[in-house]
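To start, the structure itself, in C-alpha cells.
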Amino acid sequence: MRPELEYFWEYLKVHCRGKANALKVGRLSWLLNHSERQIRAMAEELTTQHGHPIASTVHSPYGIYVAVTSGEREEYVRQLDSRIKALARRRRAFTAIPLSEAIRQMEMEYA
168 MRPELEYFWE YLKVHCRGKA NALKVGRLSW LLNHSERQIR AMAEELTTQH GHPIASTVHS
228 PYGIYVAVTS GEREEYVRQL DSRIKALARR RRAFTAIPLS EAIRQMEMEY A
C-alpha cells in the first residue's frame, strides 16, 4: 500500500471509527493536505482494492467513516443500492433520448 494511502487508513481507523465520527470530505482534505478528489479516490481504493469497510453517509453526521457495526454496513449498502437504482433510471432516460431529438431541442432553445 502506498504510504499516503496507509496514512489515510490509519487516520480513518483512529478518528473516523463508526458513523458518529464521520468527517466531511472537505475537512479530511484540509486535515490531510489532499484534494477532495484524492480523498474520495483513496476511500474507494481502500474498499475496492484493500478490503477496508470505508463508508459515507448522506445524513448527519455527514462524511466518510469506517463502518464498524453490522447496522452501519447494512445502512451503507442500502445507500449504495439506492444510488445504483437512481443511476439506472437516469441511464434508461438518457439512452431513450434520440441524439437527433436532443440536438433539435438544443437548436430550438438557442435560436
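Each residue of the sequence shown is one higher than the one before, counting from 168 in the working numbering. Don't be surprised by glycine CBs; every beta carbon is placed ideally from N, CA and C. Remember, predicted model here, so these are calculated numbers, not experimental data.
Measure the CB-CB distance between residue i and residue j and report whether it falls below 7 Å.
{"i": "Ala234", "j": "Pro220", "result": "yes"}
{"i": "Ala191", "j": "Tyr229", "result": "Looking at the sequence provided, one finds Lys at residue 191 rather than Ala. Taking 7 Å as the Cβ cut-off, Lys191 and Tyr229 qualify as a contacting pair."}
Which word fits residue i, buried or exposed, when buried means at least 16 other C-beta atoms lie within 10 angstroms of its C-beta?
{"i": "Glu239", "result": "buried"}
{"i": "Ile251", "result": "exposed"}
{"i": "Phe261", "result": "exposed"}
{"i": "Lys186", "result": "buried"}
{"i": "Leu213", "result": "buried"}
{"i": "Trp197", "result": "exposed"}
{"i": "Ile206", "result": "buried"}
{"i": "Ala222", "result": "buried"}
{"i": "Leu195", "result": "buried"}
From the DSSP output, which residues share a beta bridge with residue i?
{"i": "Gly230", "result": "Thr224"}
{"i": "Arg184", "result": "Val233"}
Roughly how many angstroms separate the alpha carbons of residue i and residue j, rounded to a whole number?
{"i": "Ala189", "j": "Tyr232", "result": "5 Å"}
{"i": "Leu254", "j": "Tyr178", "result": "31 Å"}
{"i": "Trp176", "j": "Ser227", "result": "22 Å"}
{"i": "Glu241", "j": "Cys183", "result": "18 Å"}
Go through its chain and collect everything with a Cβ distance to residue i's Cβ below 7 Å, but skip five positions before and after it.
{"i": "Gly193", "result": "Glu203"}
{"i": "Tyr243", "result": "Ala222, Ala234"}
In chain order, what residues of the same chain have a beta carbon less than 6 Å from the beta carbon of residue i, not counting five sequence neighbours either side?
{"i": "Leu144", "result": "Lying before the first or after the last residue shown, residue 144 is absent from the chain, which here runs from 168 to 278."}
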